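> Chains A and B supply the protein sequences, listed in that same order.
Numbered per the working numbering, the first sequence spans residues 52 to 938.
Numbered per the working numbering, the second sequence spans residues 52 to 938.
By construction, the Cβ of each residue, glycine as well, lies at the ideal position given by its N, Cα and C atoms.
On a predicted model such as this, the values are computed, not experimentally measured, just so you know.
This is the structure I have questions about; it appears just below.
2 protein chains.
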Amino acid sequence: MAKYVYAFGGNKAEGKAAMKNLLGGKGSNLAEMTNLGVPVPAGLTLTTDVCIYYTNNKKKYPSQLKAEVARQLAVVEKKMGNKFGDKQNPLLLSVRSGARVSMPGMMDTVLNIGLNDTTTQGLIKQTGNERFAYDAYRRFINMYGDVVMGVPHEKFEQQMDKIKTARRVKLDTDLSAVDLKKLSAEYKNLVSRETGVKFPDEPMAQLWGAITAVFGSWDIDRAVTYRKLNKIPDHWGTAANVQAMVFGNMGNDSGTGVAFTRDPSTGEKLFYGEYLLNAQGEDVVAGIRTPQPINKAGKQKGSKAKSMEEEMPTNYRQLVAIYKRLEKHYRDMQDIEFTVEKGKLWMLQTRTGKRTAASAVRCAVEMFREGLIDKKTAVLRVEPDQLDQLLHPMIDPKAKVKDIAKGLPASPGAASGQVVFSAQDAEEWAAAGKKVILVRNETSPEDIGGMNAAQAILTAKGGMTSHAAVVARGMGKCCVAGCGALAINYAKKQLVVGSNMIKEGDVITLEGSSGKVFLGPVPTVTAKLDKNFKTLMSWADSFRKLGVRTNADTPGDSKVARDFGAEGIGLCRTEHMFFEEDRLPWMRKMIMAKDEAERRSALKKLLPIQRRDFVGIFKAMAGLPVTIRLLDPPLHEFVPHEDAEMKRLSREIGIPLATLKAKGESLKELNPMLGHRGCRLSVTYPEILEMQARAIIEAACEVKKAGIRVLPEIMIPLVSHVNEYTYCHERVVQTAKKVMAERKVKVQYMVGTMIELPRAALQAGRIAEGGAEFFSFGTNDLTQTAFGFSRDDAGVFLPEYVDRKILPSDPFQQLDQEGVGELVKIGVERGRKVNKKLKIGICGEHGGDPTSVYFCHRVGLNYVSCSPYRVPIARLAAAHAVLVNKK
Amino acid sequence: MAKYVYAFGGNKAEGKAAMKNLLGGKGSNLAEMTNLGVPVPAGLTLTTDVCIYYTNNKKKYPSQLKAEVARQLAVVEKKMGNKFGDKQNPLLLSVRSGARVSMPGMMDTVLNIGLNDTTTQGLIKQTGNERFAYDAYRRFINMYGDVVMGVPHEKFEQQMDKIKTARRVKLDTDLSAVDLKKLSAEYKNLVSRETGVKFPDEPMAQLWGAITAVFGSWDIDRAVTYRKLNKIPDHWGTAANVQAMVFGNMGNDSGTGVAFTRDPSTGEKLFYGEYLLNAQGEDVVAGIRTPQPINKAGKQKGSKAKSMEEEMPTNYRQLVAIYKRLEKHYRDMQDIEFTVEKGKLWMLQTRTGKRTAASAVRCAVEMFREGLIDKKTAVLRVEPDQLDQLLHPMIDPKAKVKDIAKGLPASPGAASGQVVFSAQDAEEWAAAGKKVILVRNETSPEDIGGMNAAQAILTAKGGMTSHAAVVARGMGKCCVAGCGALAINYAKKQLVVGSNMIKEGDVITLEGSSGKVFLGPVPTVTAKLDKNFKTLMSWADSFRKLGVRTNADTPGDSKVARDFGAEGIGLCRTEHMFFEEDRLPWMRKMIMAKDEAERRSALKKLLPIQRRDFVGIFKAMAGLPVTIRLLDPPLHEFVPHEDAEMKRLSREIGIPLATLKAKGESLKELNPMLGHRGCRLSVTYPEILEMQARAIIEAACEVKKAGIRVLPEIMIPLVSHVNEYTYCHERVVQTAKKVMAERKVKVQYMVGTMIELPRAALQAGRIAEGGAEFFSFGTNDLTQTAFGFSRDDAGVFLPEYVDRKILPSDPFQQLDQEGVGELVKIGVERGRKVNKKLKIGICGEHGGDPTSVYFCHRVGLNYVSCSPYRVPIARLAAAHAVLVNKK
């Protein structure tokens, strides 16, 4: 015969932590604490099997269940020293759900079971507090009436409002014991009226009503939906925990509190918490009374508040012994809840404590040093995404501010500054020593200068991989993108958001990690990369298999990334180099050339500039591989958008304005993302590719001559057909041969390709046959084309897609493993089938997203590449990928 | 021991047609003719094995080869009655290559082998024509010197020019026998000078030099490249044919000609050809003398030219007997070449005759009736693409015109008209009774009216599936797209193309099937769909397995397509309905709505209009399925582009101009192809989907009540994730239930989806699980996203891609079977795995392209859908797919 009921309490429990599937998370944890000798209010857990039986058998319980509960309940009474339904000293019970995994707030709970007109008198006797007893009673009727008997909560509220109006008071707490007694009676009438059934006074009937409601709540709509979304199987069921109630408000020998076994902000090894004398748990949270510190160490300087250590020294000592035991047992920092009832300490809960990144890192490193955990566990204790907090300023958590709008968390950090509406203004204001925030509908490559000059960037359109977002992340600069609530008027230089109107020069603050926008300046704080951080990262590195590279376009970025631990450059976007002052005119002249000869003459001017760029990058990455992508964007991006700019260009390069405009017009595309770009440019203008290949190899020769090891990897973008690849590959190789012969230096280099189009993924085998020595998955473009989503335009509907759960997350943030991921897998398999040594990486924005990094590890990539500020995140995620897979 | 040499001539050959792999196409066919008793100049074929041996053995021949050739050559001499190298009556030989498949012009040929100073005297004796003999001699030295000895042809030309200058003549034919004799000597000196080797006089040495050159030419660059491009294996090798020369210019008992066994223009059963008395084959082609008709039936009325039938009655009778034998033997219309040498008829070649579509259809049907071929063969005799000629006007082949520009053959047909530069002008001019050609950089949906009013459309940008191309094909209207040579100036209302300037009102002519643009009017001709055509199509229908539907948006189009044999509508694009005068303002009001309520009120106005459209289409397609795609394009397409239009709209719908403009601006997208469109619109504005579903089901109820069978299939566009599909599917089903309850009619309907994104193809299984009852592959968008090519922008580089053989063909014209095709295959497999009855079709433009149709058949689709005018092509292609697969 199956055992359906597991008792706990009084130093002994029938269950344990390992029985989570049968007893649920809550039940098994209560059992575990009990067995540890921690004083836990006694109770019993009805197993998940009961729930399953109930569901499968037309809402009937196993025949022996009632008897078993009754028998075990007697044990609880004995352990607690009171009696369920007793007139003098009544035991009150709670019934709580508890599934295998936490489903917060999804299922039902009933407290204070066992109260009726008679037992309430017993409670008064025990507590000497009539108001408390009737308050408990009316809360019970409300909760039971709602949860078990289906009377809507509003109906009770209406009754409450009526009595408050009559008494001319505003708060529930202003009502007297008499009022509450009256209210209890009215509540019971309300239930009878609404349901046609008398409110049950018999405690055992109440208990079974509550148990049935809790099991039944496994199948209410919100729980079913939650399970569907979180992929929790319906057949798991929930357990039900019947537990003795304890009260911290039974006088000055009672109290309640919460505490952390270490400092959740800093990780310091310090018992840290708050408590209230003669109070219930909810009073600590509600903020009506100011909680007192739990110990002397936690007291604010000069504070007169007494600590628990001083007021309840015995219970405090018991608590310290218990927290130490718990931390040692669970081998992690614990967040505990306790109540002292008439001098007796009860532990109500212990769970892993939430903590800041800094705290997580310190706890992990110190717990390893204390011998509490091993290195693997230490590494797994810090969530990769958390590290962002350490790498960027944040809004000071103590600042009391409310955001005025929320956009996408495009690039982390926080910054305040004066609003400007154009890149040019940003540059001018910044040159004049002002801190500015650049606000645009969207940004384009010619805004680079202004973006660089600004403290942060705010855009109304565009998603997580829009131009603004990608560039800002590369710069490590705060950016909030796709903030649809903004209505920007460039002409008037103002923006309206809700009821706020913001003019040029007004100060705003952005927080990039949350996407929040604040009015005025807001203080920010920056965490430090301390020794603990470095230690933890070195442990992570010792576990991970995936290489971690960075996406960097300048020697400066390369340096930052290298300091963060990047092992090479996975993506150097040469086009970003062309937007700088000294080269843009030549780039434009090249684009505007009327024939190949003119184009070649402009390219000749660009050659030494590019070479210089590469020399700088090769030196910064000495000894590490550098993947350089050949020119990728459509040429139109380099053409000036404004008339004045066009005129200046016409003067600068000596081409008539009308000709320039006509040429600019002819370059415009309806869908530039799918237009004349990537290797298509190299096919139609092979001279551009030749110039770039020459600049790379010349730079490599120069650097090698200087005695520095250089490993260039030349990457051909946007290949869809092997013939495009071989066309470009051959020209690169020819150019390289020529340059090396001229310079009399031999450098090692590789030629490979981006896999960023679905067709390329499918044809990866043929492309490998075509000679590609490495692949780099461009998952930004691959996501765009697999889904048919323009990253610049999807901001209009993607948030709604995520809200409505049509997509689990923004696929530009987290790699869509099911769809885009299958293309990656196919690409890897087919590429490696031809060349099993094929070096394969990823250089889309996903390279810095932990779940995407796990995926990259699983499918066997050699490395991920991400923006410099995400390199530590990727390193840690890569370690997690190994350790979690091992488990 | 392998047999390396096969003789033919004198009624007996050692080879036959079936030995093509060993003897090559030419050699096996010469053998076949010989065996048929047709008089063929005798010769011998050196097999492809010799070529392979030669290649694999360091350019050595098999040891026994020389002896075998010498032995067989003696037989040839006996058969021809002259002798190789003879002073009196020399046999001259040709050596020609001949691979398994034709590689026109890729390999070498040497004629007149055996001439030297001595044998030339013999030739003079035989012909009595000294000039002819020396002309043959100098041609031989030139050809041999070039092909065998590697002296560039220009060098010979320079000698020739020198002598012409000296003689003050312009043409080769003006040189005398003496001149040519001198030239021959100079040519021989030239060869010695250039090569340091004496020109070989010994005929046998000449022969082996020529044979070696021919075998060697298998591996020259152009041949290797040609094989690579046409996927011909290198190891096939070529045969070499050594054949006796015959001359038609040996006097008035000699002549030469070409003929067709039936009329290649009409297919009439009539022997048809041209000949010249006392002439060489090249004279017929060169056009120096006007050829004479071959028989009296072929004489132009009133012509005085004598026919062969009159001038050489005996040889003519022999020729008639031979052509009949050949046609009967080959069971197809033959294109034959013959020469009469001194009263003796020789057949030089017979091959399948090229013919017009009309001729192909008539020949096929009549040959079946004559018992010459079976029905399957008849159906296979007509190339599906050829039918286009029958369905559209063409430029009169007799018109002597030169095109001024060439664009993409976007939609077939031909038309002349006056140039206009805006859709509005097109409508106004057409209303005034003028025939106009609409010329634009590109067209957009608001140009529909003007496109409809125009005779034809010419665009400077855009590819085969650009808006202009797709709409024009749907209308069966001629269109030339992506004609990059045009420089259009809208302001001045003129266009420049090369040195021509064309103003508004000037007449031009377009030919859509070739993409050519002509200045001025050009006469056109239209073929008729006669009884033979209908017969052939009915045979095709009896074989094919694939269904053929049409893409049609109006009752008119539906009717046309049904007349062409469409078995349903595979794609009805509802958005095209919204551009008409009476509904565009409501559509725009709906788009400009500030909230859902306003949107719903505009939709209410659109509902009855849409319902009426569907009623019309359902009636036109009574009893056949109609697939209706829900609104697909981004809303911005419906917003006016011009200021004046915007103002008018503001007045019409009573929304302030500034508000309209701001809204219009906010709808603009950087990449509208990947933007807020397709089912994404239905997710964010479900009320649009509900209106359309309601209109469809209401219309279906109405039509069913009228006693007409109706089979609507509601298609959800641009699905990438199953959740999008189910979101829309559920709303369609709910709406349909509601409508049927209201109307008290039950109609059968299906709900399904387009598979037009790579992710959808990969996730086809899940989408089928999500309830999709049918799939329709939207291969236009699938091609765009798989390749990352915008069909509107790819016109800039795609032609170059095809020219450089980077792509075998424009993937928007012919389905890319390797890449896009794999996605289709994956989609079919995964969809059918879940639901093996899943109905699957294709509705991209590829549905009307024969090779794409073959592919659709192979992967097991249920139907293809194409524009009305391509329905017959698809029907025939679907039959070929079955018949060719069977072979």
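#1: Compile a chain-ordered list of the residues in the segment 761–782 of chain B whose CB is closer than 8 Å to at least one CB of chain A.
#2: Once the 5 residues before and after E245 of chain B are set aside, which same chain residues still bring their CB inside 7 Å of it?
#3: Run down chain A in chain order and give the residues with a C-beta less than 9 Å from the C-beta of V487 of chain B.
#4: Can T830 of chain A and L808 of chain A be called in contact, C-beta distance under 7 Å?
#5: List the residues of chain A whose Cβ lies closer than 8 Å to the Cβ of F848 of chain B, in chain order.
#6: Anything in chain B within Cβ reach of E208 of chain A, meaning under 8 Å, just list it in chain order.
#7: Examine chain A for any beta-carbon lying closer than 7 Å to the beta-carbon of F689 of chain B, and answer yes or no.
#8: Ordered along the chain, which non-local residues of its own chain (more than five positions away) have a Cβ less than 8 Å from that of A290 of chain B?
#9: Comparing the C-beta of A511 of chain A with each C-beta of chain B, is any distance below 7 Å?
#10: Are any of the Cβ atoms in chain A nearer than 7 Å to that of Q974 of chain B?
#11: Near E720 of chain A, which residues of its chain fall below 8 Å by C-beta distance, leaving aside the five closest residues on each side in sequence?
#12: Taking DSSP as the reference, what is the three-state secondary structure of V690 of chain B?
#13: Interface residues of chain B around D843 of chain A at Cβ under 8 Å?
#14: Applying a beta-carbon distance threshold of less than 8 Å, which residues of chain A neighbour E851 of chain B?
#15: Once the 5 residues before and after W480 of chain B are set aside, which same chain residues still bring their CB inside 6 Å of it?
#16: Closer than 6 Å to a non-hydrogen atom of the ligand ATP - does that hold for the CB of A505 of chain B?
#17: If the criterion is Cβ atoms closer than 7 Å, does the pair A591 of chain A and L927 of chain A meet it?
#18: Label N366 of chain A either buried or exposed according to how many other C-beta atoms from any shown protein chain fall within 10 Å of its C-beta, with 16 as the threshold for buried.
#19: What does T836 of chain A reach in chain B if we use C-beta pairs closer than 7 Å?
#20: How close, in whole Å, do the beta carbons of G306 of chain A and V371 of chain A come, if the pair is a contact with beta carbons under 8 Å?
#21: Does DSSP put K645 of chain A in a helix, a strand or coil?
#22: Taking just the CA atoms, how far does R731 of chain B sit from D832 of chain A?
#23: With a threshold of 7 Å between beta carbons, is I553 of chain A in contact with chain B?
#24: Return helix, strand or coil for S305 of chain A, following the three-state DSSP convention.
#25: Taking 7 Å as the CB-CB limit, is I857 of chain A close to chain B?
#26: Does E738 of chain B come within less than 7 Å of chain A when only Cβ atoms are used?
#27: Identify the continuous alpha helix (DSSP H) that holds P901 of chain B and give its terminal residues.
#28: Whose CA, out of B:P923, B:F863, B:N80, lies closest to the CA of G513 of chain B?
#29: Got a sec: which bits of the segment 866–878 of chain B sit with their beta carbon under 8 Å from any beta carbon on chain A, in order along the chain?
#30: Helix or strand or just coil, what does DSSP make of M158 of chain B?
#31: Are the CB atoms of L889 of chain A and A819 of chain A within a distance shorter than 7 Å?
#32: Which ranges does the alpha helix (DSSP H) cover as unbroken runs of at least 4 residues, wholly within the segment 490–574 of chain B, from first to last along the chain?
#33: Scan the segment 130–197 of chain A and note each continuous beta strand (DSSP E) run of 3 residues or more that stays entirely inside, going in chain order.
#34: Within the same chain, show all residues whose beta-carbon is closer than 7 Å to that of G500 of chain B, passing over the 5 residues directly before and after it, in chain order.
#35: Alpha carbon to alpha carbon, what distance is there between G803 of chain B and F389 of chain A?
With the structure as the only source:
#1: Residues L769, S771, H772, N774, E775, Y778.
#2: Excluding residues within five positions, the ones whose Cβ falls inside 7 Å are V202, K206.
#3: For V487 of chain B, no chain A residue has a Cβ inside 9 Å of its Cβ, as the nearest lies near 25 Å away.
#4: Contact: no.
#5: Contact annotation for F848 of chain B against chain A: H727, R731, V734, T735 [CB-CB distance below 8 Å, chain order].
#6: Ordered by position in chain B, no residue passes the 8 Å Cβ test against E208 of chain A, which lies about 31 Å from the chain.
#7: For F689 of chain B, not one C-beta of chain A is nearer than 7 Å to its own C-beta.
#8: If we look at A290 of chain B and ignore the five residues flanking it on each side, its Cβ neighbours are L73, L74, G75, K77, G78, T96, L97, T98, T99, V101, C102, S148, G149, A150.
#9: No, its Cβ sits nowhere closer than 7 Å to a Cβ of chain B.
#10: Past the boundaries of the shown model lies residue 974 of chain B; chain B is included only from 52 to 938, so the question cannot be answered.
#11: Counting only Cβ-Cβ distances below 8 Å, and skipping sequence neighbours, we find P685, H687, G726, H727.
#12: DSSP, reduced to helix, strand and coil, places V690 of chain B outside both helices and strands of the structure shown, so it counts as coil.
#13: Under a criterion of Cβ atoms nearer than 8 Å, the residues of chain B adjacent to D843 of chain A are, in order, E720, L721, N722.
#14: Correct list: V734, T735.
#15: The residues are V471, V487.
#16: Looking for the ligand ATP in the displayed structure turns up nothing, as the structure carries no ligands at all.
#17: Closer than 7 Å, so yes.
#18: Per the 10 Å Cβ criterion, buried.
#19: Simply P809, T836, G839.
#20: No, G306 of chain A and V371 of chain A are not in contact; Cβ-Cβ is about 15 Å, not under 8 Å.
#21: Correct three-state label for K645 of chain A: coil.
#22: Roughly 19 Å between the two C-alpha positions.
#23: Chain B contact via Cβ: absent.
#24: DSSP places S305 of chain A in coil when its eight states are reduced to three.
#25: Put simply, the CB of I857 of chain A is near chain B, with a gap under 7 Å to one of its CB atoms.
#26: False, the Cβ-Cβ gap to chain A never drops below 7 Å.
#27: First-last of the alpha helix (DSSP H) with P901 of chain B: 901–909.
#28: For the residues B:P923, B:F863, B:N80, the minimum Cα distance to G513 of chain B belongs to B:F863.
#29: For the segment 866–878 of chain B, which is checked against every Cβ of chain A, the residues closer than 8 Å are D867, E869, G870, V871, E873, L874.
#30: Annotated three-state conformation of M158 of chain B is coil, per DSSP.
#31: Against a cut-off of 7 Å, the Cβ pair of L889 of chain A and A819 of chain A comes out as a contact.
#32: Listed in chain order, the complete alpha helix (DSSP H) runs (minimum 4 residues) inside the segment 490–574 of chain B are 499–504, 518–526.
#33: Segments of the beta strand (DSSP E) lying fully in the segment 130–197 of chain A: 144–150, 160–164.
#34: Result list for G500 of chain B: A474, E478, in chain order.
#35: The straight-line gap from Cα to Cα measures roughly 58 Å.
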